[in-house]
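Scroll down for the structure; my scribbles are underneath it.
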Amino acid sequence: MSQSAIDRLNRAKRQYDRGMLSTHEYPIELVCCAGYLPFAEFLNHVPSELIPQLQQLAADAPACPEDVNHFAMGAFTSGEFLEEWNAKLREEYFSGCQRLREGFFPDRERKS
Numbered sequence: 010m011s012q013s014a015i016d017r018l019n020r021a022k023r024q025y026d027r028g029m030l031s032t033h034e035y036p037i038e039l040v041c042c043a044g045y046l047p048f049a050e051f052l053n054h055v056p057s058e059l060i061p062q063l064q065q066l067a068a069d070a071p072a073c074p075e076d077v078n079h080f081a082m083g084a085f086t087s088g089e090f091l092e093e094w095n096a097k098l099r100e101e102y103f104s105g106c107q108r109l110r111e112g113f114f115p116d117r118e119r120k121s
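The opening residue of the sequence shown carries number 10 in this note's numbering; numbering runs sequentially from there.
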């Protein structure tokens with residue numbers, strides 16, 4: 010999964026550079042990728058100017074996937090598929106936040 014996560018990070022960077030991802034969407038996509046890579050490797054593929062924003066997202070990490078509410082892109086998707094897709098994205102975001110929280114703040118306990 011490591012190489013596909015790196016490919017996804019690179020694709021997100023290209024999309025951001027072209028204006029296809031907003032300044033809000035890009036860090037969220039990065040967080041979603043963070044759960045698939047070791048912390049240090051992840052940081053090697055992230056623009057340094059986004060590190061403070063990622064630290065803030067990690068500091069405010071959700072306690073569980075159900076607490077994630079960033080995803081609602083369903084204008085062209087059936088309701089059932091959208092629920093499954095959003096559940097997957099919430100899980101990815103939660104996992105990525107936990108990885109970043111452990112990396113940026115190793116002395117903090119997990120939220121519960």
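Each residue gets a CB set at the ideal place from its N, CA and C atoms; glycine is no exception. All values derive from a computational prediction rather than experimental measurement.
Nearest by alpha-carbon distance to residue i: which of the options is it?
i      : options                       : result
GLN71  : TYR45, VAL55 and GLY105       : A quick correction: the sequence has Pro, not Gln, at residue 71. Among TYR45, VAL55 and GLY105, the Cα nearest to that of PRO71 is on GLY105.
ASP76  : LEU63, ASN95 and LEU18        : ASN95
PRO56  : ALA68, ALA67, MET29 and TYR25 : TYR25
PHE48  : GLU100, ALA67 and HIS33       : ALA67
LEU109 : LEU46, HIS33, PRO74 and TYR35 : LEU46
In terms of residue numbering, what span does the alpha helix (DSSP H) encompassing residue i cover?
i     : result
VAL40 : 34-43
PHE51 : 48-53
ASP69 : Segment: none, ASP69 is in no alpha helix (DSSP H) and carries neither H nor E.
So, at 7 Å on beta carbons, what are the nonlocal neighbours of residue i in its own chain, with the 5 sequence-adjacent residues on each side left out?
i     : result
HIS54 : ILE15 and LEU18
Quick one: what's got a C-beta closer than 6 Å to residue i's C-beta in the same chain, skipping five residues either side?
i      : result
CYS42  : ALA14, ARG17 and LEU18
PHE124 : The structure shown has nothing for residue 124, since the chain only spans 10 to 121.
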